[in-house]
Amino acid sequence: MIQAYNLNKQYRRDSAALKDVTIKIGKGEFVYITGPSGAGKSTLLKLLYAAEKPTRGQILIDGQNLTRMGAKRIALMRRRIGVVFQDFKLIHSRTVFENVAFPLEVQGKKRYEVANRVYQMLKHVGIEHKMKRYPLELSGGEQQRVAIARALVIDPLVLIADEPTGNLDPDNTREVMELFKGANARGTTVLIATHDRDMIERFPRRVLTLDKGRLVEDRMP
Ligand code: ADP
Ligand code: ADP
319 MIQAYNLNKQ YRRDSAALKD VTIKIGKGEF VYITGPSGAG KSTLLKLLYA AEKPTRGQIL
379 IDGQNLTRMG AKRIALMRRR IGVVFQDFKL IHSRTVFENV AFPLEVQGKK RYEVANRVYQ
439 MLKHVGIEHK MKRYPLELSG GEQQRVAIAR ALVIDPLVLI ADEPTGNLDP DNTREVMELF
499 KGANARGTTV LIATHDRDMI ERFPRRVLTL DKGRLVEDRM P
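Under this note's numbering, the residues of the sequence shown are numbered 319 to 539, in order.
Written out as structure tokens, the structure reads:
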């Protein structure tokens, strides 16, 4: 599903955020990416969802070479990847419903289909009663559930999450993990960058460890 070969990323000439990272992740896998702050976790995820380009190396997603795609095909590929951030990155001027509807509208889905799927997804994450509210009227845990709904509403091939529980209390962390597990059970490949040892112990899965830009461990539970 995801193949990365000898990935290098240099934001500046004199320092590398990623050094020769090679990984293969199969369809339907659930993988944590861990390591100290500055290790390159966010950078690796950014390369995989094509928010940044590698300085060197290749990325294949579902057999397609991301590093050789033009802007148009990258845009199409990104529509199949759901992304969740620590700070949610919701659009504050739009309602909960509108935030979750957005990726479906980008796909050109019909209005009734958008409405249906958004409602089903909001119900799934337990927030349908707040669909007319604006993100800043919600708690952190609720905002994160909206962000997850937005990522999952497109039925993504891959779900990428960067410290998705970093700002959440233990109850909300558990709920967010349940949503990721559910998506994974339905076939979505899940990749989570996290510092949260507890989370990894409670739901043990493959762990990739980065340190100073290098992949230093690839451990199965
Ligand atoms: P992590 O997510 O593990 O904390 P990052 O991928 O954010 O690590 O960062 C890896 C290294 O790359 C760090 O030294 C960081 O300062 C640097 N870095 C990340 N993003 C940028 C950027 N946009 N410009 C310059 N340096 C960056
Ligand atoms: P995260 O909290 O997800 O790890 P980062 O701290 O890596 O996010 O990045 C936040 C923003 O700051 C990003 O746009 C990133 O590209 C940028 N950034 C991160 N580190 C640096 C850096 N050392 N120099 C310049 N920009 C950076």
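C-beta atoms are modelled at their ideal positions from N, C-alpha and C, and glycine is treated no differently.
Would you check whether ligand 1 has a heavy atom nearer than 7 Å to the C-beta of residue i?
i	result
A479	no
Y329	yes
A501	no
A322	no
S265	In the structure as shown, the chain starts at 319 and stops at 539, and residue 265 therefore has no counterpart that could be examined.
A357	yes
A369	no
G353	yes
Express the C-alpha separation of residue j and residue i in angstroms, rounding to a whole number.
i	j	result
G358	K337	9 Å
K428	V436	12 Å
R463	K407	12 Å
R331	T373	10 Å
T385	V339	15 Å
M387	S360	22 Å
L394	P421	12 Å
M517	G500	15 Å
K364	K345	19 Å
A541	E347	Residue 541 lies beyond the residue range present for the chain, which begins at 319 and ends at 539; the question has no answer from this structure.
Taking Cβ positions, are residue i and residue j nearer each other than 8 Å?
i	j	result
H541	Y452	Residue 541 lies beyond the range of the chain shown here (319 to 539); nothing can be said about it.
G400	P474	yes
V476	M319	yes
G356	L325	no
L440	E446	yes
Leaving out five residues before and five after residue i in sequence, what residues of the same chain have Cβ atoms less than 8 Å from its Cβ?
i	result
E423	V432
Q425	R397 and I472
Which whole-angstrom value is the C-beta distance of residue i and residue j, which I expect to be below 8 Å?
i	j	result
T507	I343	6 Å
F415	K450	7 Å
L526	V349	6 Å
L528	G353	4 Å
A465	F403	7 Å
Would you say residue i lies against chain B (beta-carbon separation less than 8 Å)?
i	result
G388	Given the protein chain composition of this structure (a single chain), no chain B is represented.
Which residues in the same chain as residue i place their Cβ atom closer than 6 Å to its Cβ, once the five residues preceding and following it in sequence are excluded?
i	result
A479	V402 and I510
R524	V349 and M538
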